[in-house]
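Visitor:
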Amino acid sequence: MEISTTTHNLVGTNSADQDTPGLNQVLLPLSLDETIEQILGDFGWSQFIQAILVSVPSLFDAQQTFISIFTDAEPNWRCNFNTTCNSNSNICQLPKSAWSWDEPSHKAIISEWGLECASSFITGLPASSFFVGSIVGGLSLATLGDIRLGRKNLLYLSCLIMCFASLFTAFSINIWMYSTLRLLSGFGRGSITTCTFILLTERVGKQWRGQIGTLTFVLSSFGILYLPAAAYLNRGSSWRILYLCTSIPAISYCIITYYFVYESPRWLFMEGRDIEAKAVLRKLASVEGNSLDLDLSSIHLGQEISTSNPYKLMKDLFKRRWALRRILATMVLGFGIGLVYFGMLFGVRNLGFNLYLGVMFNALLLIPTNLVTLFFIAGWKRKGSLFALCIISGICSIMCVVVGSSREGIQIGLELASLFCTCLALNVLMIFTIELFPTTVRNSASTLVRQAIVLGSVFVPILTSGGKRNGFLSFGTFGLTILLCSFIAIILPETKGKNLCNTMDEQERVNNILM
166 MEISTTTHNL VGTNSADQDT PGLNQVLLPL SLDETIEQIL GDFGWSQFIQ
216 AILVSVPSLF DAQQTFISIF TDAEPNWRCN FNTTCNSNSN ICQLPKSAWS
266 WDEPSHKAII SEWGLECASS FITGLPASSF FVGSIVGGLS LATLGDIRLG
316 RKNLLYLSCL IMCFASLFTA FSINIWMYST LRLLSGFGRG SITTCTFILL
366 TERVGKQWRG QIGTLTFVLS SFGILYLPAA AYLNRGSSWR ILYLCTSIPA
416 ISYCIITYYF VYESPRWLFM EGRDIEAKAV LRKLASVEGN SLDLDLSSIH
466 LGQEISTSNP YKLMKDLFKR RWALRRILAT MVLGFGIGLV YFGMLFGVRN
516 LGFNLYLGVM FNALLLIPTN LVTLFFIAGW KRKGSLFALC IISGICSIMC
566 VVVGSSREGI QIGLELASLF CTCLALNVLM IFTIELFPTT VRNSASTLVR
616 QAIVLGSVFV PILTSGGKRN GFLSFGTFGL TILLCSFIAI ILPETKGKNL
666 CNTMDEQERV NNILM
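Throughout the sequence shown, residue numbering follows our numbering, covering 166 to 680 in sequence.
#1: Give the secondary structure of Cys666 by DSSP, where H, G and I count as helix, E and B as strand, and everything else as coil.
#2: Where do the N-terminal and C-terminal ends of the beta strand (DSSP E) with Trp264 fall, by residue?
#3: What is the DSSP secondary structure of Cys282, counted as helix, strand or coil?
#4: So, at 6 Å on beta carbons, what are the nonlocal neighbours of Gly501 in its own chain, with the 5 sequence-adjacent residues on each side left out?
#5: Judging by CA-CA distance, which residue of Arg572, Leu392, Cys324, Phe336 is the nearest neighbour of Ile234?
#6: Please report the straight-line C-alpha distance between Leu504 and Thr230, rounded to a whole angstrom.
#7: Compare the Cα-Cα distances from Ala395 to each of Val383, Tyr408, Ser385, Glu441 and report the closest residue.
#8: Using beta-carbon positions only, say whether Asn535 and Phe382 come within less than 8 Å of one another.
#9: Going by C-alpha distance, which of Cys282, Phe286, Gly302, Pro222 is nearest Leu620?
#10: Taking 6 Å as the limit between beta carbons, can you name the residues of its chain near Ser323, skipping five residues before and five after?
#11: Which one of Ser350, Pro260, Leu551 has the shortest CA to CA distance from Ser293?
#12: Are Ile416 and Leu332 closer than 8 Å when you measure CB to CB?
#13: Taking the straight line between their C-alpha atoms, what separation do you get for Gln190 and Thr366?
#14: When DSSP builds the beta bridges, which residues end up paired with Arg243?
#15: How would you write the range of the alpha helix (DSSP H) that Pro222 sits in, first residue to last?
#16: Suppose you measure from the CA of Asn608 to the CA of Phe362; what does that come to, to the nearest Å?
#17: Going by DSSP in three states, Pro393 sits in which element: helix, strand or coil?
#18: Specify whether the region 571 to 582 and the region 656 to 676 touch according to this definition: at least 3 beta carbon pairs, one from each stretch, less than 8 Å apart.
#19: Grab the span of the alpha helix (DSSP H) containing Pro414 for me, first residue to last.
#20: Considering only their Cβ atoms, is the gap separating Met342 from Thr604 smaller than 8 Å?
#21: Please report the Cβ distance between Leu218 and Thr422, rounded to the nearest whole angstrom; I am assuming they are in contact, meaning their Cβ atoms lie under 8 Å.
#22: Just tell me which of Leu314, Leu594, Pro414, Trp404 has its CA closest to the CA of Ile232.
#23: What are the boundary residues of the alpha helix (DSSP H) that Tyr321 is part of?
#24: With a threshold of 8 Å on Cβ separation, who are the neighbours of Ala273 within its own chain once the five nearest residues in sequence on each side are excluded?
#25: With DSSP as the reference, label Glu277 as helix, strand or coil.
#26: Let me know the secondary structure DSSP gives Leu620 once reduced to three states.
#27: According to DSSP, is Glu561 part of a helix, a strand, or is it coil?
#28: If we count the other Cβ atoms within 10 Å of its Cβ and call it buried at 16 or more, is Trp545 buried or exposed?
#29: Taking 8 Å as the cut-off, decide whether the C-beta atoms of Val703 and Gly641 are in contact.
#30: Take the Cβ of Arg347 as the centre, count every other Cβ of all protein chains shown within 10 Å, and call the residue buried at 16 or more, exposed below.
#31: May I ask you to report which of helix, strand or coil DSSP gives Val537?
#32: Using only the heavy atoms of the ligand ADP, determine whether one of them is closer than 7 Å to the beta carbon of Val221.
#33: Can you give the Cα-Cα distance for Gln258 and Val625, rounded to whole angstroms?
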């Protein structure tokens, strides 16, 4: 009789026993993760279509994150004829009749609501509110992805909150209503990237995990690239049009595609919903026929299900020494990377570029950056590559200040190089985080890292505003921060090619074996 090695590990006392199963042999059932790995196997068309459907919300996320680059920008103004005004005059010390906006006042919130003389706190309030909302929303919704709602439902709920808030933002009547709605939009946005990333990686085999995980970053790049095109085409229109152009398609997409996206089979198994999980695996499976039926039958009811309270599991991230070390290290790295990533994208206004072209160049750079990750992440060691990319990014950012604006070509090249390395580091960090933590807390751990990234972005509007007068306050601070944060990567373990664990106890056993 032939024993199928697709469903069991065969252990014998000698080579003869392995050729002919006998009394001295023991058939060990595969773990849940190993069984799912065998069922998913190679990357098939069903998995590809699901990956595309799940990645698109990242495009909408990027649009809402960076839309304020255009809607909240300070418009150019000019002196009227027959006045004592000149280009060096302080606009707040001139009579209203002495100057006028270059473009219609409804193009940006500053000109429409007369905020040209308001403090930097007021003009930066909407952008800061969005990022604060992202932190609050991410932390508030973090455990819902690991327990009641699951990956799919939380993803779509978050996306709809973000997009409906964005739709209502178009009808704001003052800066306070506008900032409040941006706060609500950020609240919804807080868990989108995390849910997308986890839902992508939990539905493919480990050999495709790194490549498929980068799809969210590729779609984000296209979302950013859409903004300067839409803003330029509507450059004579109200800023409200840009919110309508980004929110309505996103809402329509979420409503249409919700019923076509599958939940994570790993999460369903961990919740004890074996029948639903097996149905999803059957749809995603790369194997067919008897082999698939045999693999599915080997998964028994309640296999490796965690019955622990989800909040207890969340506390385990901070109670278990190995988990605390990992979550704090990844959050420190996330803060440094987030500060530079958002700083470079928002700081393009300080380089004297045409705003449309500046955002477009940065967005175009992100696409090949993400494609590099897509094709080469499988061969990269997570720890070493993350450390090297952060070091290079920090050096290039500091050199932007050293070179100065007098050498625009070199300065622009250094800015793009820093952004390139930071984007790669961000991609590696998110994949690294997925591999560092088990299924039961993976969504929560990833969310904490994402919130650390967003926390770095909260300081960006203030630093970029100060950077208009002193370049070191922006690019210098960005570079020093990521350089200092990069060294904490040394304490993290390498995860390249390792299996994903499902529970904290299982992860701890694996850690002990590797020590």
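In this text, a Cβ means the ideal position worked out from N, Cα and C, and glycines have one as well.
Guide: For this structure:
#1: Walking along the sequence shown from the start, residue 666 turns up at place 501. Residue state, collapsed to three classes: coil.
#2: If you number the sequence shown from 1, residue 264 lands on position 99. Annotation: the continuous beta strand (DSSP E) that includes Trp264 extends over 264 to 266.
#3: On the sequence shown, position 117 is the one that residue 282 refers to. If DSSP states are grouped into helix, strand and coil, Cys282 belongs with coil.
#4: Here residue 501 refers to the residue found at position 336 of the sequence shown. Closer than 6 Å at the Cβ level, and outside the excluded window around Gly501, lie Thr646, Ile647, Cys650.
#5: As a first step, residue 234 must be located in the sequence shown, where it is residue number 69. Selected option, being the one with the closest Cα: Leu392.
#6: The residue you call residue 504 lines up with position 339 of the sequence shown. The residue you call residue 230 lines up with position 65 of the sequence shown. Taking the straight line joining both Cα atoms gives about 14 Å.
#7: Walking along the sequence shown from the start, residue 395 turns up at place 230. For Ala395, the closest alpha carbon among the candidates Val383, Tyr408, Ser385, Glu441 is that of Tyr408.
#8: Stepping through the sequence shown from its first residue, residue 535 is reached at position 370. Stepping through the sequence shown from its first residue, residue 382 is reached at position 217. Yes, the Cβ-Cβ distance between Asn535 and Phe382 is below 8 Å.
#9: Taking the sequence shown and counting its residues from 1, one reaches residue 620 at position 455. Checked all of Cys282, Phe286, Gly302, Pro222; the closest Cα to Leu620 is Gly302.
#10: On the sequence shown, residue 323 is found 158 positions in, with the first residue counted as 1. Result list for Ser323: Gly353, Ser356, Ile357, in chain order.
#11: Taking the sequence shown and counting its residues from 1, one reaches residue 293 at position 128. Residue Ser350 is the option with its Cα nearest to Ser293.
#12: Against the sequence shown, residue 416 aligns to sequence position 251. Against the sequence shown, residue 332 aligns to sequence position 167. Taking 8 Å as the Cβ cut-off, Ile416 and Leu332 qualify as a contacting pair.
#13: For the purposes of this step, residue 190 is taken as residue 25 along the sequence shown, with counting starting at 1. For the purposes of this step, residue 366 is taken as residue 201 along the sequence shown, with counting starting at 1. Because the pLDDT of Gln190 is 39, which lies under 50, any placement of that residue in the model is unreliable, and the number read from its coordinates should be weighed accordingly. So the alpha carbons of these two residues sit roughly 35 Å apart.
#14: Within the sequence shown, the letter at position 78 stands for residue 243. Arg243 pairs with Ser265.
#15: As a position in the sequence shown, residue 222 is number 57, starting the count at 1. Taken as a continuous stretch (DSSP letters only), the alpha helix (DSSP H) holding Pro222 covers 210 to 231.
#16: Taking the sequence shown and counting its residues from 1, the one referred to as residue 608 is at position 443. Taking the sequence shown and counting its residues from 1, the one referred to as residue 362 is at position 197. Rounded to whole angstroms, Asn608 to Phe362 spans 9 Å at the Cα level.
#17: Position 228 of the sequence shown, counted from the first residue, corresponds to residue 393. Pro393 falls in the helix class under three-state DSSP.
#18: no
#19: Working through the sequence shown from its first residue, we reach residue 414 at position 249. Annotation for Pro414: the continuous alpha helix (DSSP H) segment containing it runs 404 to 422.
#20: Counting from one through the sequence shown, the residue named residue 604 turns up at place 439. Counting from one through the sequence shown, the residue named residue 342 turns up at place 177. No, Cβ-Cβ distance for Thr604 and Met342 is not below 8 Å.
#21: Counting from one through the sequence shown, the residue named residue 218 turns up at place 53. Counting from one through the sequence shown, the residue named residue 422 turns up at place 257. The Cβ separation is near 5 Å, so the contact holds.
#22: Taking the first residue of the sequence shown as position 1, residue 232 is located at position 67. That would be Trp404, whose Cα lies nearest to the Cα of Ile232.
#23: For the purposes of this step, residue 321 is taken as residue 156 along the sequence shown, with counting starting at 1. Unbroken alpha helix (DSSP H) run through Tyr321: 315 to 334.
#24: Position 108 of the sequence shown, counting from 1, holds the residue named residue 273. Phe235, Thr236, Asp237, Ala238, Glu239, Pro240, Trp404.
#25: Walking along the sequence shown from the start, residue 277 turns up at place 112. The three-state secondary structure of Glu277, taken from DSSP, is helix.
#26: In the sequence shown, counting from the first residue as 1, residue 620 sits at position 455. In the three-state reduction of the DSSP assignment, Leu620 falls in the helix class.
#27: Start at 1 with the first residue of the sequence shown, and residue 561 comes out as number 396. It should be pointed out that residue 561 corresponds to Cys in this sequence rather than to Glu. Three-state DSSP puts Cys561 in a helix.
#28: Within the sequence shown, the letter at position 380 stands for residue 545. By the neighbour-count rule (16 or more Cβ atoms within 10 Å), Trp545 is buried.
#29: One cannot answer for residue 703 here, as it falls past the ends of the chain, which runs 166 to 680.
#30: Counting from 1 along the sequence shown, the entry for residue 347 is found at position 182. Under this definition Arg347 is a buried residue.
#31: Taking the first residue of the sequence shown as 1, we reach residue 537 at position 372. Here Val537 sits in helix by DSSP.
#32: Among the components of this structure there are no ligands whatsoever, and the ligand ADP is therefore not found.
#33: Sequence index remark: in the sequence shown, residue 258 carries index 93 (1-based). Sequence index remark: in the sequence shown, residue 625 carries index 460 (1-based). Each residue's alpha carbon lies about 28 Å from the other.
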